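Engineer: First residue of the sequence shown: 101, per my numbering; consecutive thereafter. For reference, the structure I am asking about is given below.
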Amino acid sequence: MRYRDPDCECQVEYPGAYRRWCEHCCTDGPLPGSLADPNWEQRHTDPAVLREAADRLDDDYPEQADSLRREADRLDDELATIEK
């Protein structure tokens, strides 16, 4: 699941794709597993990371938080099926 940090306003400068961090990401850090997370490719499929992101979004973006929790549950179910 590819999702954005709704509070991130970082910009990417070219050439070199240098990321200029916004105030939100400098203060709170990017939302775990979001496209703003520098390690999102490794983290966006981790159910624990998705739940951490959902917890951060609960107050301001409850619909997105619910979506992330559903995705985390789906990934947990998928991993349980693979392990059987």
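We put the beta carbon where it would ideally sit given N, CA and C, even for glycine. All values derive from a computational prediction rather than experimental measurement.
#1: The beta strand (DSSP E) spanning Glu-113 covers which residue range?
#2: Here's a check: name, in chain order, each residue in its chain whose Cβ is nearer than 7 angstroms to the Cβ of Cys-122, leaving out the five neighbours to either side.
#3: Considering Arg-120, what are the terminal residues of the beta strand (DSSP E) in which it resides?
#4: For Ala-153, I'd like the list of residues in its chain whose CB is within less than 7 angstroms of its CB, leaving aside the five on either flank, ordered along the chain.
Structural biologist: According to the structure shown:
#1: 111 to 113
#2: Cys-108, Glu-109, Cys-110
#3: 118 to 120
#4: Leu-131, Pro-132, Gly-133, Ser-134, Leu-168
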